[in-house]
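Everything on this sheet refers to the single structure shown next.
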Amino acid sequence: MGVFVIPIGIFAQEEEDASVYLEEYSDEFQEAFFSALQQKGIKNYDRAINYLQKCIQLQPDQSAVYHEMARIYRLDRQFALGFPYAAKAVRMEPDNYWYTDTYWYYQYRLGEGSIARQGEDLSFQNDVFWSNMARISLKRNRYDEASGFFKRIKSPNNYSQLSADLEEAKAKGDPMTRALTEALKQPKSTSVEAKKQDDAENPVDQIKKNLRTLQQEGEFSRLYKESTEANENYPLQPDFYYYKGWALLKQGKAKEATTILEESLDYLLEEGQLSLFIYQALAEAYELLGEPEKLKYYQKKLNENNPN
2 MGVFVIPIGI FAQEEEDASV YLEEYSDEFQ EAFFSALQQK GIKNYDRAIN
52 YLQKCIQLQP DQSAVYHEMA RIYRLDRQFA LGFPYAAKAV RMEPDNYWYT
102 DTYWYYQYRL GEGSIARQGE DLSFQNDVFW SNMARISLKR NRYDEASGFF
152 KRIKSPNNYS QLSADLEEAK AKGDPMTRAL TEALKQPKST SVEAKKQDDA
202 ENPVDQIKKN LRTLQQEGEF SRLYKESTEA NENYPLQPDF YYYKGWALLK
252 QGKAKEATTI LEESLDYLLE EGQLSLFIYQ ALAEAYELLG EPEKLKYYQK
302 KLNENNPN
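Residues in the sequence shown are numbered from 2 upward in steps of one, following the working numbering.
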């Protein structure tokens, strides 16, 4: 990718823990907030939400609380309930990159129209917000959406360079991204033979097939390497997170595996065979880590979604 005038080094930054915002608040507020974080940590999301509701009653003007509510609903996969909190947080602090990232994700998951239209419901114009939306889209290889957000930036100082850099980023995309872009440009054929050929040449499907083969053959090291590369090139594909996490688990890195496997759940559009694989891997990881509460949680999820 090209070097953007709006710095993209923020991608490498860690999201700040919400607890850093608590220093100036009452003991009652802090106690409720820390209790929420504690319950969130053991995946007791209902109780965590109750504690955060208490925080809102005590301090209704704290954006960090609304953002934390959105994060917990996201973890619990209750996207319709979490979206108003994500929107509330970013409306209160439109310059906050992490609030915008959460808002972007909710729009993506809920399919609220085109992602390129995100922000229209927030009733404000803010160059930092739009540039953050652009950076988030760009990070996820959604170049057309990033371009749409760039065009919303009112300041003329950076727009021309941003547009040029975007085109450069698209032109210098990795081979798999270019292949997929070219495949999408090809006219669709109604013939069975052409469809089979298109399916065979689909780079994402081919990568999934290769990773599945490596998994079946027990090639853990290669699976980790190739799934990591696939994950970087296609960050919205939950399968690639799963294979990466599974490879880590089989290499004795259960703690790292849980982080990746739980991230894969963020990109699942519906429950299915893949979700069962992920729950199974997470249950195995938490059993190895000696965390019975989380083990019980994923065993329950596995049983709830297993039709057999």
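C-beta: ideal position from N, C-alpha, C; glycine also.
- With respect to L212, Y244 sits close: the two C-beta atoms are nearer than 8 Å.
- Going by beta carbons, Y299 and L277 fall outside the 8 Å limit.
- Counting the other CB atoms within 10 Å of its CB gives P293 a total below 16, which places it among the exposed residues.
- In the structure shown, K44 adopts coil according to DSSP, grouped into three states.
- DSSP, reduced to helix, strand and coil, places R213 within a helical segment of the structure shown.
- Residue state for N133 is assigned as helix, using DSSP reduced to three classes.
- The C-alpha of I73 lies about 25 Å from the C-alpha of L249.
- Taking T259 as reference, the option from T229, N232, L275 and L290 with the minimal CA-CA separation is L290.
- No Cβ-Cβ contact shorter than 8 Å links A71 with Y46.
- The DSSP-derived three-state label of K55 is helix.
- For Q108, the uninterrupted alpha helix (DSSP H) segment begins and ends at Y98 to L111.
- Counting of Cβ neighbours within 10 angstroms places E218 among the exposed residues, the total staying below 16.
- Secondary structure at Q63: coil, using DSSP grouped into helix, strand and coil.
- Between the alpha carbons of E227 and R78 lies a gap of roughly 28 Å.
- DSSP, reduced to helix, strand and coil, places L82 within a helical segment of the structure shown.
- Contact check for Q238 against V205 passes: the beta carbons are separated by less than 8 Å.
- Our two residues, A255 and A286, have alpha carbons roughly 5 Å apart in a direct line.
- L139 counts as buried, since at least 16 other C-beta atoms from the protein chains shown sit within 10 angstroms of its C-beta.
- Per DSSP, N142 is not a residue of any alpha helix (DSSP H), being assigned neither H nor E.
- A straight line joining the alpha-carbon of K44 with that of Y280 spans about 14 Å.
- Taking C-beta atoms as the reference points, D128 and K152 fail to come closer than 8 Å.
- In the DSSP assignment, Q281 falls within the unbroken alpha helix (DSSP H) covering Q274 to L290.
- In the assembly as shown, T214 is an exposed residue. Its beta-carbon has fewer than 16 other beta-carbons within 10 Å.
- DSSP, read as helix, strand or coil, puts K155 in coil.
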